[in-house]
Structures are given as structure tokens and as C-alpha cells.
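Here the working numbering is used: the first residue of the sequence shown is 234, the next is one more, and so on. No residue lacks a Cβ here, since even glycine has one placed at the ideal position from N, Cα and C. A short worksheet on the structure shown next.
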Amino acid sequence: MFTEIITPRFSDTDALGHINNTMVPIWFEGARDPVFRLFMPELDTNNWQLILAKIDVSYHAQMFYGQALEVRTYISRIGGASFDVYQELWQNGAKCASGTAVMVHYCYQQQTSQTIADSVKETLLAHQFQAQ
Numbered sequence: 234m235f236t237e238i239i240t241p242r243f244s245d246t247d248a249l250g251h252i253n254n255t256m257v258p259i260w261f262e263g264a265r266d267p268v269f270r271l272f273m274p275e276l277d278t279n280n281w282q283l284i285l286a287k288i289d290v291s292y293h294a295q296m297f298y299g300q301a302l303e304v305r306t307y308i309s310r311i312g313g314a315s316f317d318v319y320q321e322l323w324q325n326g327a328k329c330a331s332g333t334a335v336m337v338h339y340c341y342q343q344q345t346s347q348t349i350a351d352s353v354k355e356t357l358l359a360h361q362f363q364a365q
């Protein structure tokens with residue numbers, strides 16, 4: 234599991250005073266950086282090797298300004314060329330949101346998916362989701 238603490242900004246709130254729902258996918262993407270580094274340690278956009286195929290987000294509880302949020306990032310599925318990143322957003326001991334991003338190991342020059350190397354799969358497995 235990878236973790237990241239986020240401090241919500243005032244501008245992250247909506248008219249009701251809650252964290253705006255549009256922030257969660259943005260925070261989830263930012264918290265996927267450690268996963269990106271498994272494929273591209275320098276995060277060199279000229280040598281990017283991943284493509285996002287799908288995301289989904291479920292909201293479980295309200296989130297509020299002025300209170301830290303923890304993003305927990307796991308790997309929930311590993312295929313030949315794709316894998317799923319499962320993420321949870323926690324605030325004050327409650328799971329407030331969860332989501333899954335389907336990522337594909339991809340060659341932009343050839344415009345095709347690529348097999349994930351066994352060494353990368355082993356590292357991905359080390360971060361596999363374990364139901365709590």
C-alpha cells in the first residue's frame with residue numbers, strides 16, 4: 234500500500250461547504266505517482282508507458298475542509314498488460330470515497346499495449362489490496 238496525506242484547500246469546497254466531488258479523482262491521480270514510478274522512475278513524460286483506460290469513484294461519506302485526508306493506494310488486479318489501482322480516501326477514521334483506475338502498460342510510439350515485465354509484476358504484488 235502507498236499512502237499520502239492531503240490537506241484540503243478552501244478552494245476544494247463546494248457551495249455546501251463540503252469537499253467538491255470533482256476533487257477526489259484529481260487526488261486519486263496524484264496519489265498514483267508511486268505506481269507510475271514503477272514503470273518510469275523519473276516520471277519522464279517523453280518516455281511515458283501507461284495509459285488510463287477507465288476510472289470509477291464511489292462516495293461513501295462527506296468530506297470537509299480543515300481536516301486532513303489520507304489516500305490509500307493498492308493494486309487490486311494484475312493482468313498481462315493491464316492492472317487495476319484501487320484507492321480509498323479516509324478522513325477522521327471513516328472511508329469517504331473509493332475508486333478503481335484501470336491502467337495499461339502502453340507504447341505510445343507503436344500505439345499498442347505491452348506486456349508488464351515480471352519484475353514490475355512482483356513489485357505490484359507487494360502492494361496488493363488485502364480486505365480489512
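Measure from the alpha carbon of residue i to the alpha carbon of each residue in the options, then state which is nearest.
i           : options            : result
residue 290 : 318, 282, 312, 346 : 318
residue 283 : 244, 358, 342, 249 : 342
residue 332 : 325, 267, 259      : 259
residue 268 : 338, 344, 327, 363 : 338
residue 307 : 313, 322, 300      : 322
residue 256 : 352, 298, 287, 277 : 298
residue 273 : 340, 344, 360      : 340
residue 293 : 244, 242, 328, 265 : 328
Since residue i and residue j should fall inside the 8 Å C-beta cutoff, what is the C-beta to C-beta distance between them, to a whole number of angstroms?
i           : j           : result
residue 271 : residue 311 : No, residue 271 and residue 311 are not in contact; Cβ-Cβ is about 12 Å, not under 8 Å.
residue 315 : residue 362 : Not a contact, Cβ separation roughly 16 Å.
residue 246 : residue 303 : The Cβ separation is near 19 Å, so there is no contact.
If you run the structure through DSSP and keep just helix, strand and coil, what is residue i?
i           : result
residue 289 : strand
residue 349 : coil
residue 358 : helix
residue 294 : coil
residue 330 : strand
residue 242 : coil
residue 323 : strand
residue 275 : coil
Going by DSSP, name the residue or residues bridged to residue i.
i           : result
residue 316 : 311, 336
residue 252 : 246
Taking the beta strand (DSSP E) that residue i belongs to, which residues open and close that run?
i           : result
residue 237 : 235-239
Which two residues bound the contiguous alpha helix (DSSP H) that contains residue i?
i           : result
residue 271 : 266-272
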